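Sequential numbering from 228 applies to the sequence shown in the working numbering. In this text, a Cβ means the ideal position worked out from N, Cα and C, and glycines have one as well. Remember, predicted model here, so these are calculated numbers, not experimental data. Written out below as C-alpha cells is the structure these notes cover.
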Amino acid sequence: MARTAAKITLSPSRDIPLDRLVLSQSNVRRVKAGVSIDALADDIDRRGLLQSLNVRPLLGADGQETGRYEIPAGGRRHRALELLVKRKRLAKDAPIPCVVRAADNDILAEEDSLAENSFREQLHPLDEFRAMLAMVEKDTGIEEIAAHFHTTPAAVRQRLKLAGVSPKLHTLYADDAMTLDQLMAFTVSDDHARQEELWDQLEHSFNKSAAYIRQKLTENSVRAADKRTCFVGLGAYVEAGGGVVRDLFEADGGGWLTDPALLDRLVDEKLKAEGERVLAEGWKWVTTSIDLPWDATRGLREIDREVTPMSEDELARVATLEAEAEELEGEWADAPEVPAEVHARLDAVETELGTLADRPELFDPAEMAIAGAFVSIDRDGSVRVERGFVKPEDEPKAEASEDEAHSAADGDARSAGPDAGGEAAVSADAGEDEEVETLRPLPDRLVSDLTAWRTLALQDAFAQDPATAFASVLHALVLGCFYSSSRESCVQVSPNRVYFTNAPTNLRDCGPAQAIDARAAEWKERLPQSDKEVWDYLLTLDGEEQTKLFAHCASLCVNAQAEIVPKYDNGRISAHGVERRIAHSHVLAQAVGLDVLGAGWRPTADGYFRSVTKPRIIADVAEARGDNFARMIDHLKKADMAREAERLLEDSDWLPAPLRNPDLEPAPVPDAANDDAGGALPPGLADALNDDVAGGDVVAAE
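In C-alpha cells form, the structure reads like this:
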C-alpha cells in the first residue's frame with residue numbers, strides 16, 4: 228500500500244528586535260527600482276508593516292546561532308524601518324515580525340530572495356481602478372488618495388474615470404480582448420449603452436484604434452476650443468444646461484460640448500445682441516454672421532473715418548507700460564526659469580498696451596446714415612466688427628457740376644443745329660467782329676483732340692522714365708485696392724481685386740487670408756484718408772517700401788481659381804480663359820516657391836474628402852499611404868471613410884492634383900544690373916532683383 232507524502236511544515240514566525248537584524252549579502256536586489264525608501268518609510272509610518280521579513284539565523288565560527296539574523300528577502304523594508312528609527316518614529320529595538328528559516332535549510336538564501344520578487348504579481352490595472360473607486364465611495368478624498376499612494380490628483384481622476392466605463396468593457400479588458408488605450412478612449416462618453424454599441428460595431432472592423440473610438444464617440448459634439456464656444460463662454464453654456472465631456476488622457480482643448488443645438492441658440496442670441504448694439508451707433512444696416520463670406524465687402528464703398536488720437540494721459544501710460552515691460556524683460560532675459568507671476572504681468576502689460584493702441588474710429592453721422600457694418604466671430608471667439616460700408620443702391624445721387632452743365636449745354640446746342648441759336652449758330656465772320664465778354668469752356672471735340680496728342684507725348688515721356696512709370700502703376704494699384712470708387716489716376720491699369728466664386732466656408736480664417744488681412748490693415752493704417760493725397764504720399768516712400776506695397780497690391784489681383792465654366796457662354800469666363808489662367812499660375816507658383824502645405828492646407832474631411840467620391844478617397848489614401856491603408860477603410864460608410872482618411876493623411880505631405888506645382892522649365896531671368904536704364908527702378912526693386920540673380924534664388928521646381 229502506497230504511503231501518503233508527508234505534509235510540509237511552514238517556517239515559524241516571530242518578532243525579532245530590529246537591532247538584531249542585518250542585511251544579507253545573499254539579497255539579489257542590487258538596483259534601485261519602484262517606490263523609494265523614503266516613500267516606503269512614510270507608508271509604514273501611516274499603516275504599519277504589511278509584510279513580514281524573511282530572515283535566517285547568523286552562525287558564529289563554532290557553528291552556533293549568534294542571536295542575530297540576516298535578511299535575504301525584505302531588505303527595502305528593513306532600510307525603511309531604519310529610516311523610521313532615525314526619524315525617531317520607531318524604537319531601535321522595536322519587535323519586527325519575521326518568518327524565520329532554518330540556518331541549514333536546503334533552499335539557498337539567494338533562491339528565497341529571487342523567488343520573493345519573481346513570483347510577485349503586480350495588481351491588474353482594473354483592480355487598481357476599482358480599489359480607488361471603492362475608497363472614494365467610502366468618503367476618501369481624491370487629494371488624500373493621491374497623497375497616500377504618492378501620485379497626483381490628476382492620475383487618481385484618470386483611474387476613477389476608467390473605473391466608470393461600462394462593466395462589459397471592463398470584462399473585455401480583463402480578458403485581454405481590449406487594450407488599455409482603447410479603454411481610455413471610451414472614457415470620453417459616460418453613456419454605457421453607447422460605449423457597448425460602438426464596441427459591437429467595431430467587432431469586425433479593421434480600425435479599432437483609440438483615436439477612431441474617440442472620434443466616433445464625439446462626432447455629434449463640438450470642441451470646447453471652437454470659436455463659437457469661446458464667443459458665448461463655456462460657463463454660460465453649462466449654466467444654460469449644456470453638458471461637457473472631458474478626455475483625461477489626451478489634450479482635448481477643454482473637452483466637447485454635447486448639445487450643439489443649445490450652443491447654436493446661445494451664439495445666435497448673443498450675435499444678434501452684438502448686432503443691435505452696433506446698429507444703435509447710427510448705422511443704416513448691420514449684417515451678422517458666424518463666418519462672413521470671403522467677398523462680403525465686394526462692390527461696397529468704404530467711407531472715410533478718423534482715428535481718435537491718444538490723450539496726454541494715455542501717451543504717458545503707454546510710455547510707463549513700455550518701460551515696465553522693457554525692465555522686466557531685461558531683468559529675466561538670462562534667467563533659466565521665469566516665475567509665473569512675471570509672465571502674468573508681462574501678459575497684462577501687453578493686453579493693456581493693445582487696448583490703448585486700438586483707437587476708436589470716428590465717422591461722419593451723415594455718411595453713417597447710408598452705410599452699414601458687418602458683425603462676425605473672429606478665430607479666437609472675439610467679436611469682429613467691420614464698419615463703414617455703403618451699398619451701391621444707397622449711394623447718394625450726385626448733382627451735376629457747373630462744368631458738366633456747360634458741357635451739356637454745348638452738346639445740346641451742337642445737336643440742335645444752327646437754328647437753335649447759341650455759339651454754334653454764330654458765323655465765323657460774326658465772331659470776329661463781335662467782342663466776347665465772357666470766356667466759355669473749349670468745345671469738347673477740341674479738348675478731345677488736344678488731349679489725344681498730349682497722351683501720345685505723355686506715353687513717350689513715360690516710357691523713358693521707369694521710376695515714374697513704376698510709381699504710377701503702383702498708384703493705380705493702390706487706388707484700386709484701397710479706394711474702390713476712386714477715379715484719381717489716368718493710368719489705365721485694371722487693378723481688379725480677386726473675389727472668388729463659390730468661396731469655401733471659413734476661407735477668411737485660413738492662414739494665408741489672415742496674413743493678407745494683417746498686411747492690408749497695416750498699409751491701410753499708413754495710407755491717407757483721401758484718395759487725392761495718395762500720389763504725394765507714395766513719393767515719400769523709399770524704394771523698398773514702394774516695392775512692398777506694390778507686391779501687396781499686385782498679389783490681390785492674382786487669380787488662380789479654376790472657376791466653374793457656365794454651360795452657355797456668358798461673355799465673362801470661358802474654359803480656354805480659365806485654362807490659360809491656371810497655366811500661368813503654375814509659373815508664378817514656381818517663381819515664388821509656393822508651398823501649400825507650409826501655408827497651412829491639410830486634407831480634412833470637411834475641406835476635401837466629403838466633396839469627393841468613395842473611390843476617389845480610397846485612391847487618394849492608397850497614393851499617400853499605400854494599398855494596405857486603403858483596404859483598412861474601403862468597407863466604411865462615406866462619412867466614416869472621410870473622417871478616417873483625414874486621420875490617416877494628417878501627417879503626410881500628400882496634395883490633391885489642383886494644389887500641386889507641376890514641373891516647369893526655368894524661366895529666363897532678366898539681368899537687371901546690365902539694364903540700359905540701370906538705377907532708374909526704385910532701389911528696393913532693383914536690389915531685390917539683383918540679389919535673386921546673384922544668389923541663385925530663381926531655380927527650377929524639383
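Are the beta-carbon atoms belonging to residue i and residue j less than 9 Å from one another?
i, j, result
"LEU353", "HIS419", "no"
"ILE440", "PHE458", "no"
"SER340", "ASN434", "no"
"TYR710", "VAL785", "no"
"LEU280", "ARG304", "yes"
"MET411", "PHE476", "yes"
"GLU501", "VAL569", "no"
"ALA373", "PRO380", "yes"
"ALA818", "VAL805", "no"
"ARG306", "ILE334", "no"
What does residue i pair with, by DSSP beta-bridge criteria?
i, result
"VAL610", "ILE604"
"ASN281", "ALA300, VAL326"
"VAL617", "ARG528"
"LEU286", "GLU292"
"ARG450", "TRP483"
"VAL534", "GLU588"
"VAL576", "BP columns for VAL576 are empty, so no partner."
"VAL931", "Since the first residue shown for the chain is 228 and the last is 929, residue 931 is missing from the structure and cannot be characterised."
"VAL472", "TRP483"
"GLY599", "TRP512, PHE616"
Taking the straight line between their C-alpha atoms, what separation do you get for residue i and residue j?
i, j, result
"LEU768", "GLY599", "33 Å"
"LEU461", "SER436", "30 Å"
"SER238", "ARG386", "39 Å"
"LEU754", "TRP881", "41 Å"
"ASP822", "GLY853", "24 Å"
"HIS930", "ILE809", "The structure shown has nothing for residue 930, since the chain only spans 228 to 929."
"LYS365", "ASP607", "43 Å"
"THR236", "GLU355", "34 Å"
"ALA747", "ALA826", "18 Å"
"GLU554", "ARG544", "15 Å"
"LYS313", "LEU285", "25 Å"
"ASN733", "SER879", "23 Å"
"GLU579", "ALA404", "56 Å"
"ALA651", "GLU620", "The predicted model places ALA651 with a pLDDT of 41, which falls under 50 and marks its position as unreliable, so this point remains unresolved."
"ALA329", "LEU250", "17 Å"
"LEU308", "ALA268", "7 Å"
"ALA288", "ILE323", "26 Å"
"GLN422", "VAL392", "8 Å"
"ASP408", "ARG473", "16 Å"
Within 10 angstroms of its Cβ, does residue i collect 16 or more other Cβ (buried), or is it exposed?
i, result
"GLU297", "buried"
"ALA300", "buried"
"LYS388", "buried"
"THR456", "buried"
"ASN344", "exposed"
"ARG283", "buried"
"LYS443", "buried"
"MET595", "buried"
"GLY294", "exposed"
"LEU245", "buried"
"SER240", "exposed"
"ARG870", "buried"
Under DSSP, the alpha helix (DSSP H) around residue i begins and ends at which residues?
i, result
"ASP427", "419 to 428"
"LEU410", "407 to 412"
"CYS737", "Looking at the DSSP string, CYS737 is not in any alpha helix (DSSP H), and its letter there is neither H nor E."
"LEU767", "Looking at the sequence shown, residue 767 is not Leu but Thr. Note, THR767: alpha helix (DSSP H), 761 to 767."
"HIS862", "Here HIS862 belongs to no alpha helix (DSSP H), and DSSP marks it neither H nor E."
"ASP847", "841 to 852"
"CYS784", "Per DSSP, CYS784 belongs to no alpha helix (DSSP H) and is neither H nor E."
"ARG887", "ARG887 -> no alpha helix (DSSP H), and no H or E assigned at all."
"THR398", "394 to 401"
"ASP272", "264 to 274"
"ASP339", "336 to 345"
"HIS811", "802 to 819"
"PRO563", "Careful: PRO563 lies outside any alpha helix (DSSP H) and carries neither H nor E."
"GLY460", "Per DSSP, GLY460 belongs to no alpha helix (DSSP H) and is neither H nor E."
Under DSSP, the beta strand (DSSP E) around residue i begins and ends at which residues?
i, result
"ILE243", "240 to 244"
"VAL513", "512 to 515"
From the beta carbon of residue i, is the nearest beta carbon of chain D less than 9 Å away?
i, result
"GLY502", "The structure shown contains no chain D, having only a single protein chain."
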